[in-house]
Amino acid sequence: MKTSVSSFPPLQSSRLLDQVRERIRYLHYSIRTEQAYLHWIRAFVRFHQMRHPSDLGGPEIEAFLSWLAAERRVSVSTHQQALSALLFLYQKVLGLDLPWMNEIGRPKSRVRLPVVFTQDEVVRLFSALGGEQQLVAQLLYGTGMRIMEGLRLRVKDVDFAHRALIVREGKGAKDRIVMLPATLVPALREQMARARALWAADRQVGHGGVYMPNALDRKYPRAAASWTWFWVFPHAELSVDPRSGATQRHHVQDQSIQRAFKRALERAGIQKPATPHTLRHSFATHLLQSGYDIRTVQELLGHADVSTTMIYTHVLKLGGGAVRSPIDALGLGGAAFLPSVRASGEVQPAGANDDDWPWRVSMPLARYEVMPLAA
């Protein structure tokens, strides 16, 4: 059965993937979403020997998703992304009503506590970074922005007068305002001076400016070449826009920041499984530790639901701010219950006599003495 797609203009393309691409761009989905959806739709068609999706249904989608989970061992988020791509294909492109979609098994996401840096680790990490990459990391920790939100900052989004940054089209296509840390103002001004020199060089040779969102380049054709729309963190090289084909200046790629971040973790001796997103987790956790209320943190992070922000309160319950273990109240000092190892190979509780110990370890042990922790 067809579903209502009357609000969409008729598709001009005849090829399936071109139709998907056309609909995605009409709905202003990001280039990353476009690339991901095309990847999964292409994989789905190939999995079923190039059969057209209109000839396939629920069992075929179940088989594909089961293969991803069992054979490819994809993560829950990747599994859900593949399903979202197929939902988009059937509902937004083919216009098919899929009541059986509700019966498709959806893996449940595991709730994991976020990795959080200590303040000492943050300082060590910054020291292991340099230049532009250091400033990006400092902005992520100082504002709680996601990495792509920081890299997509434009000149017009920086308000030095009010010490604020405007995050445009964050997760969920929502704008929000975050603080501009006073500590970072000098470095940010220097970065923007370098960006302006690059912008001026582009204008001198007549390059086409920067990418404009939501077809604003048609409404304001000169805006793409203006300084106010230029990136705060422009890429050193020009590139070709995959959608328009225009040669433009893109922002710094997140992959380069990820690589620099990984190297910095090694240099700083930080063993945690961290990514640049860990700086956002640390921002939220450290604010809550400082006494800020959770609603303020929610607003700064851009969470639609406070329950998402509540995960950081669970982090606060770990370590020094956690509930005290009852064993710590006994005043044992750390060595009272350590076993002692005799040369005979038998183990007995520290301070106990052989006669007091009703059992023996039959497995022979190495000949060594276990020293108390307090020693």
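Throughout, the numbering used here is defined as the position within the sequence shown, counted from one, plus 1.
All C-beta atoms, glycine included, are put in the ideal place defined by N, C-alpha and C.
| Query | Result |
| --- | --- |
| Local conformation of M213 per DSSP, three classes | coil |
| Beta-carbon spacing of P182, G143 below 7 Å | yes |
| Three-state secondary structure (DSSP) of D255 | helix |
| Cross-strand partners of A165 (DSSP beta bridge) | D160 and M180 |
| Sheet register partners of R250 (DSSP bridge) | L239 |
| For R281, the three-state DSSP class (helix, strand or coil) | helix |
| From V156, A162 and I295, residue whose alpha carbon lies closest to that of R169 | V156 |
| Closest Cα partner of F231 within the set R244, V75 and W200 | W200 |
| Nonlocal neighbours in the same chain, by C-beta distance under 6 Å from R125, ignoring five residues either side | A269 |
| Exposure label - Q192; buried when at least 16 CB within 10 Å | buried |
| Beta-carbon spacing of T229, L239 below 7 Å | no |
| Same chain, Cβ closer than 7 Å to A90, five either side skipped, listed in chain order | According to the sequence provided, residue 90 is Leu. The question's Ala does not apply to it. So the qualifying residues of the chain are V21, I42 and P54. |
| Contact under 7 Å by Cβ, V117 with V316 | yes |
| Of the listed residues E150, R113 and M180, nearest to R164 (C-alpha basis) | M180 |
| Given T314 as reference, the closest of L333, A305, G303 and S283 once Cα atoms are compared | S283 |
| Closest residue to V112 among S308, P327, L333 and L331 (Cα-Cα distance) | S308 |
| Cβ pair L1, V241 closer than 7 Å | What is shown of the chain runs 2 to 376, which leaves residue 1 out entirely. |
| Residue-level contact to chain D via CB, L239, 7 Å cutoff | Absent from the structure is chain D; it holds one protein chain and no more. |
| 7 Å Cβ cutoff met for K93 and R24 | yes |
| Simplified DSSP state of R26, which is helix, strand or coil | helix |
| Outcome for F161 when other beta-carbon atoms lying within 10 angstroms are tallied against a minimum of 16 | exposed |
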